[in-house]
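Notes to accompany the following structure.
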Amino acid sequence: MAKEKFDRKKPHLNIGTIGHVDHGKTTLTAAITMRLAQKGYAKSRKYDEIDNAPEERERGITIATQHVEYETDNRHYAHVDCPGHADYIKNMVTGAAQMDGAILVV
Numbered sequence: 000m001a002k003e004k005f006d007r008k009k010p011h012l013n014i015g016t017i018g019h020v021d022h023g024k025t026t027l028t029a030a031i032t033m034r035l036a037q038k039g040y041a042k043s044r045k046y047d048e049i050d051n052a053p054e055e056r057e058r059g060i061t062i063a064t065q066h067v068e069y070e071t072d073n074r075h076y077a078h079v080d081c082p083g084h085a086d087y088i089k090n091m092v093t094g095a096a097q098m099d100g101a102i103l104v105v
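When you line the sequence shown up against numbering that gives the first Met the number 0, it's residues 0 to 105, in that order.
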């Protein structure tokens, strides 16, 4: 399924959630999309839609970076949900390299 074409009428910002394992990064990402979906700014994504790989579901942790998009009145956001487990820190660094800013979840 092809993604919708992004219309660059708003400034674009790449952000992400970073922090230690099990601190709620994916839960926060899902909550952001759900809240903005209520206002028509995003497609609501549940936790298990973001962490959707079988191994992630089995282990209950994020392994690969996941991307969601949403917008507000003023900006379009590409949001990277990064893994926090020490074994997958390389994946987090890869995602962070693309970020303009981050939400540190503690």
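Just so you know, even glycine gets a beta-carbon here, dropped at the ideal spot from N, CA and C.
For the stretch 35 to 51 against the stretch 5 to 16, are there 3 or more C-beta pairs whose distance is under 8 Å?
no
Go ahead and pull the three-state DSSP assignment for T16.
strand
So if DSSP puts G100 in a beta bridge, which residue, or which two residues, is it bridged to?
I14
Can you give me the start and stop residues for the beta strand (DSSP E) that A77 sits inside?
Counting along the chain, the beta strand (DSSP E) containing A77 begins and ends at H75 to D80.
Alpha carbon to alpha carbon, how far is N73 from K9? Give it in angstroms, no decimals.
6 Å
In the DSSP assignment, find the unbroken beta strand (DSSP E) run with Y69 in it and report its ends.
Q65 to E70
What residue does the alpha helix (DSSP H) around K42 start on, and which one ends it?
Taken as a continuous stretch (DSSP letters only), K42 belongs to no alpha helix (DSSP H), as it is neither H nor E.
Would you mind working out which of H19, T28, L103 and D21 sits nearest Y69, comparing C-alpha positions?
T28
Between which two residues does the alpha helix (DSSP H) holding K24 run?
K24 to Q37
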